[in-house]
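When you read off a place in the sequence shown, starting at 1, and then add 81, the result is the number in the numbering used here. Yeah, the Cβ is synthetic: ideal placement off N, Cα and C, and Gly gets one too.
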Amino acid sequence: MTGVSTLTAARSPSRPGPGPMSEALLRALDLTVRRRVEGLLAGDYRSSALGEGTELAQVRPYQPGDDVRRIDWNVTARMVEPHVRVHIAERALATWLVLDTSASMTFGTADRRKADVAEGVALAVGHVASRRGNRLG
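Listed below in structure tokens is the structure:
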């Protein structure tokens, strides 16, 4: 890669749009997002909470109300009472992009409208969010 990520959409000479964004800028945005969610979310983010997930935290005796699908039959066969598997919860950062399409977004200068700036911000946020495998909507 050349160090510049070109964000493309329908462009015309009178509507230049967000244009190219440097990889350094996108890395800085990624670092800021990573600092904010460190320890809170998973995907690439681990959670300190127990719950649904793939990484085993512990095996403990079954208690009324536990999901019977979580019973570890191998451990239960060796012990006197049923045991359940408890996993570390996996969470993913969900990013929602919402753009204002009202008439007020057509305001701006001859070079750039508010809608163009909003589009550039949305593309940058979407790029940073999707790069780490997070959900984007």
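Give the secondary structure of Arg-193 by DSSP, where H, G and I count as helix, E and B as strand, and everything else as coil.
-> coil
Roughly how far, in whole angstroms, is the beta-carbon of His-164 from the beta-carbon of Pro-142, given that I think they are within contact range, below 8 Å?
-> 6 Å
Terminal residues of the continuous beta strand (DSSP E) containing Val-140?
-> 136-142
Taking the alpha-carbon positions, what's the Asp-148 to Ala-170 distance?
-> 15 Å
Compare the C-alpha of Thr-176 against each of Gly-201, Ala-210, Ala-105 and name the closest.
-> Ala-210
Check the C-beta distance from Leu-180 over to Ala-199 and give it rounded, since I have them as a contact under 8 Å.
-> 5 Å
Enumerate in chain order the residues of its own chain whose CB-to-CB distance from Ile-152 is below 6 Å, with the five nearest sequence positions on each side excluded.
-> Pro-163, Val-165
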